[in-house]
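Let me begin by presenting the structure, written as structure tokens, before commenting on it.
Residue numbers (the numbering used here): 6 to 557.
Rendered as structure tokens:
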């Protein structure tokens, strides 16, 4: 799930932008510009698809053959794929290897569109699958990919439907993986007793965008019953995304309570469910990011998206206040620190609960009569008393992200405690630069952070912790109607380019998707990019990024 978040908020936009390239690029202007999420993260997903097509044991055999053949050699993607295929003769990968390698040569994110139809009289369910891939720079036409599709059908009573394709002698229980190789394919399942809800792309079986017109009731059914954890999480994301996208496209102020009672109740059920582990709950209850919401829209108003998501965040905090309090008390660390995954998940959920409890408190009157108003004080005490870095930082983040007055003192204390720990200070800087914007307060704070004695533009990690956290990871603060964020961005790109072109080129990519912006952001962003491109002594690294961004 965390890998998919990176793909959707960084790699999919890269695939759709001016710097789109294949996992194995055919050419480049500056090689340093290809240490990218496409080559690394999407490349990892391509390898994972190989494992899906040959199975875990088959993949282990392929790895063994790969090392036997190539230990100590300079090798290529083809060598690796061939070894895995040769170790598994007759597998889907072996049979389809030439077509599968299009994942290495074709840029862009494929879209897998699915349409389901239930035939009551024949008790069959038909799923029509269509794959497309948009044009990318230098590649106007794409050939079909090999797409493994993890699939299950969930009955009305919540059980898995045994899958039997037309022409098969008997059903196969549980999840199956079907390999889509054509532009359009049809799967017809027999002996389906009632209209099912399809669970498609289970385990995120391929790095594609799935288009299926799920209703809210179908998504709630998946959230409650799907045996695939990824698709349970995905159902919650789609439920929130439906609401965010609808509201982001409307005019007028964002409603104070954008979430309906059904969604809130579903989130309460997840939070209270004793069968779900804490780490999974934290993932399900996290709203889609502003960046991911923006990717669903043809025209992006960053401030509108920010207002909608903040309203959703605040409503969840207030509506589930009693549940967050329960979750915090049930999951907070009370004993010695342990680094196991279960304890880590509990700390994550307790941190999320603290953030929501601080958010639901009356920040303007923290000592007031509101039942939640004591939580900022309790969070500050937790910050001071925490027995490990995770709990301490989570408490600090809760105060900062909810704009509590106590945040200033907590930030000062944290700096005093860890001023000699560079990596910890990077987190301290990034937390402030990435905080939710209220009334344009973040840009002045970012400029002030750059004056801090511990900040240095010549330290790449420190520069990233402030400048990138603001320009690349905080769209609600960066995209300002007065264009001040873009002016700041262009100043920093030019300044960094003189000393560290690779870091400057990465920062330059913060405006890759400027053409999707609504006015006045679009014109202002283009002017900022043009200002950088006009600099005569620009490095090849940065020049490639900004000129491709401006190209038609």
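We treat Cβ as the ideally placed atom computed from N, Cα and C, and that holds for glycine.
From the options, residue whose alpha carbon lies closest to that of residue i
{"i": "residue 557", "options": "540, 544, 537, 531", "result": "531"}
{"i": "residue 246", "options": "313, 308, 40, 232", "result": "313"}
{"i": "residue 215", "options": "197, 352, 242", "result": "242"}
{"i": "residue 191", "options": "555, 431, 171", "result": "171"}
{"i": "residue 296", "options": "255, 453, 17", "result": "17"}
{"i": "residue 37", "options": "535, 524, 110, 510", "result": "510"}
{"i": "residue 395", "options": "429, 379, 366, 414", "result": "429"}
{"i": "residue 60", "options": "71, 48, 93", "result": "93"}
{"i": "residue 162", "options": "144, 529, 201", "result": "201"}
{"i": "residue 607", "options": "152, 166, 211", "result": "Absent from the model: residue 607. The displayed extent of the chain is 6 to 557, so no value can be given."}
{"i": "residue 178", "options": "158, 85, 63, 188", "result": "158"}
{"i": "residue 91", "options": "70, 422, 80", "result": "70"}
{"i": "residue 348", "options": "493, 284, 426, 240", "result": "284"}
{"i": "residue 554", "options": "11, 22, 8", "result": "22"}
{"i": "residue 479", "options": "524, 299, 304, 403", "result": "299"}
{"i": "residue 169", "options": "143, 132, 144", "result": "132"}
{"i": "residue 357", "options": "379, 384, 339", "result": "384"}
{"i": "residue 128", "options": "189, 198, 54", "result": "198"}
{"i": "residue 350", "options": "174, 526, 281, 328", "result": "281"}
{"i": "residue 55", "options": "210, 26, 363", "result": "210"}
{"i": "residue 107", "options": "143, 53, 29", "result": "29"}
{"i": "residue 218", "options": "307, 47, 240, 450", "result": "240"}
{"i": "residue 105", "options": "82, 126, 117, 121", "result": "82"}
{"i": "residue 552", "options": "8, 9, 24, 88", "result": "24"}
Residue i classed as buried or exposed, judged by whether at least 16 other C-beta atoms fall within 10 angstroms
{"i": "residue 513", "result": "buried"}
{"i": "residue 272", "result": "buried"}
{"i": "residue 542", "result": "exposed"}
{"i": "residue 73", "result": "exposed"}
{"i": "residue 130", "result": "buried"}
{"i": "residue 80", "result": "exposed"}
{"i": "residue 422", "result": "exposed"}
{"i": "residue 446", "result": "exposed"}
{"i": "residue 549", "result": "buried"}
{"i": "residue 67", "result": "buried"}
{"i": "residue 34", "result": "exposed"}
{"i": "residue 370", "result": "Note that residue 370 scores a pLDDT of 48, beneath 50, so its modelled location is shaky and nothing firm can be said."}
{"i": "residue 19", "result": "buried"}
{"i": "residue 40", "result": "exposed"}
{"i": "residue 491", "result": "buried"}
{"i": "residue 401", "result": "buried"}
{"i": "residue 376", "result": "Residue confidence for residue 376 is low, a pLDDT of 48 falling below 50, so the modelled location carries little weight and cannot support an answer."}
{"i": "residue 226", "result": "buried"}
{"i": "residue 311", "result": "buried"}
Own chain residues within Cβ distance below 8 Å of residue i, not counting five before or after
{"i": "residue 368", "result": "Annotation note: pLDDT 44 at residue 368 (below 50); position unreliable, coordinate value reported separately. Cβ within range, chain order: 381, 407, 408, 409, 410."}
{"i": "residue 540", "result": "499, 502"}
{"i": "residue 547", "result": "498, 502, 506, 509, 510, 513, 537"}
{"i": "residue 292", "result": "245, 249, 314, 317, 318, 321"}
{"i": "residue 463", "result": "504, 505"}
{"i": "residue 495", "result": "533, 534, 536, 537"}
Residue(s) in a DSSP beta bridge with residue i
{"i": "residue 103", "result": "None; residue 103 has no bridge partner."}
{"i": "residue 204", "result": "157"}
{"i": "residue 118", "result": "135, 216"}
{"i": "residue 193", "result": "131"}
{"i": "residue 40", "result": "DSSP lists no partner for residue 40."}
{"i": "residue 45", "result": "For residue 45, which the question treats as bridged, DSSP gives no partner whatsoever."}
{"i": "residue 144", "result": "141"}
{"i": "residue 181", "result": "156"}
{"i": "residue 305", "result": "522"}
{"i": "residue 165", "result": "159"}
{"i": "residue 228", "result": "Answer is none; residue 228 lacks a bridge partner."}
Same chain, Cβ closer than 6 Å to residue i, five either side skipped, listed in chain order
{"i": "residue 372", "result": "Low per-residue confidence applies at residue 372: pLDDT is 48, beneath 50, and the placement is therefore not dependable enough to give any value."}
{"i": "residue 13", "result": "297"}
{"i": "residue 99", "result": "90, 93"}
{"i": "residue 294", "result": "14"}
{"i": "residue 623", "result": "The requested residue 623 is not part of the displayed model; the chain covers only 6 to 557."}
{"i": "residue 355", "result": "333, 336, 337"}
{"i": "residue 115", "result": "136, 138, 150, 213"}
{"i": "residue 134", "result": "119, 185, 190"}
Residues of its chain near residue i, where Cβ-Cβ distance is below 7 Å and the 5 sequence neighbours each way are ignored
{"i": "residue 474", "result": "435, 438, 439"}
{"i": "residue 288", "result": "6, 238"}
{"i": "residue 208", "result": "155, 233, 235"}
{"i": "residue 324", "result": "269"}
{"i": "residue 392", "result": "338, 342"}
{"i": "residue 44", "result": "28"}
{"i": "residue 477", "result": "515"}
{"i": "residue 363", "result": "380, 381, 384, 403, 404, 407, 409"}
With contact counted as at least three CB pairs below 8 Å, one residue from each stretch, are the region 103 to 121 and the region 134 to 141 in contact?
yes
Examine the Cβ distances between the region 514 to 534 and the region 340 to 355 and report whether three or more of them are shorter than 8 Å.
no
Say whether the region 266 to 285 touches the region 322 to 334, bearing in mind that this needs 3 or more beta-carbon pairs closer than 8 Å, one atom from each stretch.
yes
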